[in-house]
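Residue numbers (numbering that gives the first Met the number 0), protein chains in the order written: chain A, 0 to 274; chain B, 0 to 294.
Have a look at the structure below, then the notes.
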Amino acid sequence: MRMPIYRKVLIYLAIILVLIFFLGPIYWFWALSLRSPTSAFASPPEFFFEPTLNAFIYTFVNPGVNAPQLVSSLIVATGATLLNLPFSVTAAYALSRFRMRAKQFLMMWYISLLMAPPVVFLIPYFILMSSLKLRGTYLSMIIIAQTITIPFSIWLLKSFFDEVPVDIEEAAQVDGASWYQALTRITFPLALPGIIVTSMFAFVFTWNNVIFPLVLSNQSTATLPVGTLNYFATTGATWNFIAATAVVTMLPPMIIFLVLGRYIVRGLTFGAVKG
Amino acid sequence: MDALSSRRILPYLLVLPSILMLIGLIIYPISFSLINSFRQWNLQTSPVPLGFVGLLNYRMVFETTPFLDALRNTLILSIAGTFIEFWFGMGIALLLASQLKGTNAVRALLIMPTTIAPIVAGFLFRYMYYERGGLITWLLTQIGFPVPPQGLLGSSTTALASIALADIWQWTPFFAIVLYAGLLSIPEDIKEAAIVDGATGLRMFAWITLPSISRTAIIVVMIRFMQLFNMFDLVLVLTRGGPGTASRTLSYNLYQEGLVNYNIGVAAAMTWIIVIIVTILINIYARVAFRGWEW
């Protein structure tokens with residue numbers, strides 16, 4: 000269908016306005032991380048300024064308080080992603096492949112956990128991890144993250160397993176392969192992209208989570224968003240450090256979402272919308 | 000084990016680890032909250048729970064914490080937020096659906112706010128809301144909007160709306176991207192048939208487009224409503240529920256009572272009240288959204 004040129008121009012204009020609205024604040028914060036403290040709160044706002052890397056150097060190099068927190072974030076998000084896989088891959092496979100009376104009930108149970116307010120778990124876990132002497136450990140944060148990563152991954156992975164044709168698997172079994180062989184040699188390789196996509200989302204969700212590390216971490220295991228919050232708790236004068244650490248927190252999810260491309264819709268809807 | 004019984008038992012063996020793990024993770028919080036909701040326990044005065052007090056904590060939730068204010072704020076935020084994000088997102092999805100050159104790049108850029116940690120989105124807006132030199136405050140002043148002297152976050156008339164704006168910024172792209180995917184999946188022949196029948200513009204949208212993507216729409220609305228209902232991170236960074244209780248949400252009220260005031264007994268009772276509300280909401284939604292779903 001051909002579109003009149005004036006309509007095209009209008010649509011492009013609208014899209015440009017939309018992009019300015021949604022990307023402007025991100026640009027503004029990146030700019031903040033490159034500003035000098037005087038430029039940060041100039042009134043009226045300075046649209047042109049001399050960029051400096053001082054905030055990044057202070058936060059990540061010298062003295063670099065936030066560098067270990069970056070490592071903590073990586074440990075917790077990677078650990079939570081890896082720990083979740085054996086639980087979710089097996090469950091998603093079963094829920095996709097077999098007739099089960101309890102299937103609908105189980106799927107609903109998983110999604111209701113996913114939608115429960117995380118804050119309700121916070122106080123009990125704070126007390127529990129304190130009494131188990133686990134508070135402040137990576138393990139406590141990795142385990143608690145499973146309340147989100149396992150139900151999420153089961154939902155998303157099931158949608159990927161659903162797409163691997165059962166016929167191929169059954170054909171292999173007719174040819175004498177056991178269900179286990181069919182699973183490991185046929186289904187898993189075919190579902191591998193789905194497992195990778197699911198892992199990337201699980202990583203991002205854990206990476207972006209702040210309230211569990213907020214109460215479960217200590218000074219040596221604090222994750223990067225907790226570090227950002229610490230600058231906030233002290234004084235307003237450290238906005239450059241808030242921005243520098245927040246920019247570093249932003250980057251991995253952004254890159255991962257660029258890689259995820261057409262799987263974004265499916266992941267953000269827990270596999271319910273294929274996209 | 001013969002083939003038949005293995006096919007019966009095997010799937011349950013495979014889901015069992017996840018069930019055990021999740022039950023293991025929630026059984027403690029559930030029983031902890033249940034027991035302590037009937038006990039007097041403030042961590043500031045006692046490291047261990049004191050005596051049983053019956054239903055006193057449940058009464059205290061309403062009498063000593065602004066629970067109803069928080070509930071009202073939460074409902075306003077969830078309903079208004081979901082509504083605005085849905086229609087704003089729908090508008091953008093329709094723009095994208097004209098499939099002009101560069102749509103894929105636009106889509107990839109557009110989703111960026113959604114990738115950001117909510118806490119970071121909070122910082123973005125906190126900075127832009129600053130009374131002196133904050134970009135949003137400055138822009139509003141330029142166009143003659145009466146910014147309150149205490150700042151947008153410091154005034155009870157604008158605090159909740161300011162939180163909503165940050166959330167709308169972060170999550171409208173989510174609706175746009177998902178609804179756009181829904182629009183693309185409408186079969187061409189349905190659209191063509193409608194055009195042949197003379198449907199145009201708004202009619203086309205109301206009779207063909209919207210019904211075709213209703214399933215997708217219901218699911219995203221459900222997900223987003225619940226996420227908004229649980230809103231915590233933005234409140235923590237932007238207003239801490241203030242001024243007064245003007246922007247306090249249920250989640251923040253619970254956090255305040257449990258981990259700031261250390262009133263574990265009252266917080267436990269509040270947990271149960273919130274869990275009951277959320278369970279009802281999820282059940283209603285899930286029934287609607289997944290009706291006739293192919294499991």
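The C-beta atom is built at its ideal place from N, Cα and C for all residues, glycine as well.
Nearest residue (CA-CA) to residue i, options the options
i: F125 (chain A); options: A:R98, A:V173 and A:F211; result: A:F211
i: V272 (chain A); options: B:L183, B:L237, B:T248 and B:T244; result: B:L183
i: V118 (chain A); options: B:W271, B:E293 and B:G291; result: B:W271
i: I355 (chain B); options: B:L42, B:P186 and B:L95; result: Chain B is shown from 0 up to 294; residue 355 (chain B) falls before or after that span and cannot be answered.
i: Y251 (chain B); options: B:V265, B:G264, B:L233 and B:A267; result: B:L233
i: S158 (chain A); options: A:V264, A:A243 and A:G226; result: A:V264
i: L49 (chain B); options: B:N56, B:P112, B:Q39 and B:L55; result: B:Q39
i: I26 (chain B); options: A:P164, A:P123 and A:S216; result: A:P123
i: L112 (chain A); options: B:G150, B:L139 and B:L24; result: B:L24
i: I194 (chain A); options: A:E162, A:N217, A:L213 and A:S216; result: A:E162
i: G121 (chain B); options: B:I167, B:V277, B:L95 and B:G101; result: B:I167
i: P116 (chain A); options: B:E293, B:T244, B:M230 and B:G243; result: B:M230
i: L94 (chain B); options: A:S198, A:V203, A:M199 and A:V17; result: A:V17
i: L9 (chain B); options: A:R96, A:F187 and A:A190; result: A:R96
i: A245 (chain B); options: B:T157, B:F87, B:P145 and B:E130; result: B:T157
i: A30 (chain A); options: A:P252, A:L223, A:P251 and A:V246; result: A:V246
i: T248 (chain B); options: B:I263, B:N262, B:G264 and B:M225; result: B:M225
i: V277 (chain B); options: B:L74, B:L134 and B:S211; result: B:L74
i: I273 (chain B); options: B:V287, B:L70, B:L123 and B:V14; result: B:L70
i: V14 (chain B); options: A:L105, A:A242 and A:T205; result: A:L105
i: T205 (chain A); options: A:S72, A:F21 and A:P44; result: A:S72
In DSSP terms, what residue i is bridged to
i: F51 (chain B); result: B:R38
i: N262 (chain B); result: B:N41
Alpha carbon of residue i to alpha carbon of residue j, nearest angstrom
i: L235 (chain B); j: F28 (chain A); result: 19 Å
i: L33 (chain B); j: I185 (chain A); result: 47 Å
i: W238 (chain A); j: I74 (chain A); result: 26 Å
i: G135 (chain A); j: L42 (chain B); result: 19 Å
i: I281 (chain B); j: M203 (chain B); result: 32 Å
i: M0 (chain B); j: L81 (chain A); result: Interpretation of M0 (chain B) is limited by its pLDDT of 47, a score under 50 that renders its predicted location unreliable; the figure taken from the coordinates is listed afterwards. Cα to Cα, M0 (chain B) sits roughly 32 Å from L81 (chain A).
i: I10 (chain A); j: G80 (chain B); result: 25 Å
i: A76 (chain A); j: M89 (chain B); result: 33 Å
i: L76 (chain B); j: L159 (chain B); result: 8 Å
i: A285 (chain B); j: M221 (chain B); result: 8 Å
i: I194 (chain B); j: S97 (chain B); result: 16 Å
i: P36 (chain A); j: F240 (chain A); result: 10 Å
i: P147 (chain B); j: G153 (chain B); result: 8 Å
i: A221 (chain A); j: T244 (chain A); result: 13 Å
i: S213 (chain B); j: P192 (chain A); result: 29 Å
i: L258 (chain B); j: L215 (chain A); result: 12 Å
i: K7 (chain A); j: A92 (chain B); result: 15 Å
i: T197 (chain A); j: A91 (chain A); result: 12 Å
i: Y230 (chain A); j: I141 (chain A); result: 24 Å
i: L52 (chain A); j: L33 (chain A); result: 6 Å
i: G175 (chain A); j: E168 (chain A); result: 11 Å
i: V173 (chain A); j: L189 (chain A); result: 19 Å
i: L94 (chain A); j: W154 (chain A); result: 9 Å
i: I53 (chain B); j: F37 (chain B); result: Reading off the sequence, residue 53 (chain B) comes out as Gly, not Ile. Spanning the two alpha carbons is a distance of roughly 5 Å.
Proximal chain B residues relative to residue i, where beta-carbon distance stays under 7 Å
i: W27 (chain A); result: M127 and L134
i: T268 (chain A); result: V177, I218, V219 and I222
i: I122 (chain A); result: G257, L258, I263 and A266
i: Q103 (chain A); result: W294
i: M114 (chain A); result: M225 and I281
Contacts of residue i in chain A (Cβ-Cβ under 8 Å)
i: D232 (chain B); result: V209 and I210
i: F122 (chain B); result: F28, T227, F231, I241, A242 and A245
i: M111 (chain B); result: F21, L22, I25, M253 and F256
i: Y57 (chain B); result: Going along chain A, no residue has its Cβ under 8 Å from Y57 (chain B), so there is no contact; the nearest lies around 15 Å.
CB contact below 7 Å: residue i versus chain C
i: Q68 (chain A); result: Going by chain labels, chain C is absent from the structure shown, which instead holds the protein chains A and B.
Per-residue contacts from residue i into chain A (C-beta, under 7 Å)
i: M20 (chain B); result: F86, Q145 and I149
i: P10 (chain B); result: A93, F97 and M99
i: L108 (chain B); result: L18 and L22
Chain B residues whose Cβ lies nearer than 8 Å to that of residue i
i: W238 (chain A); result: Y126
i: A201 (chain A); result: Here the premise fails: no neighbours, minimum Cβ distance about 14 Å.
Integer Cβ distance of residue i from residue j, believed to fall under 8 Å
i: Y57 (chain B); j: A266 (chain B); result: Not quite, the Cβ-Cβ distance comes to about 12 Å (not below 8 Å), so this is no contact.
i: A79 (chain A); j: T148 (chain A); result: 5 Å
i: R261 (chain A); j: G270 (chain A); result: Their Cβ separation, rounded to whole angstroms, is 14 Å, which puts R261 (chain A) and G270 (chain A) out of contact at 8 Å.
i: S129 (chain A); j: G132 (chain B); result: Their Cβ separation, rounded to whole angstroms, is 42 Å, which puts S129 (chain A) and G132 (chain B) out of contact at 8 Å.
i: L223 (chain A); j: Q68 (chain A); result: 5 Å
i: F174 (chain B); j: E84 (chain B); result: 5 Å
i: Y128 (chain B); j: I135 (chain B); result: 6 Å
Proximal residues of chain B, C-beta to C-beta of residue i below 9 Å
i: P117 (chain A); result: N229, F231 and S250
i: P50 (chain A); result: Ordered by position in chain B, no residue passes the 9 Å Cβ test against P50 (chain A), which lies about 17 Å from the chain.
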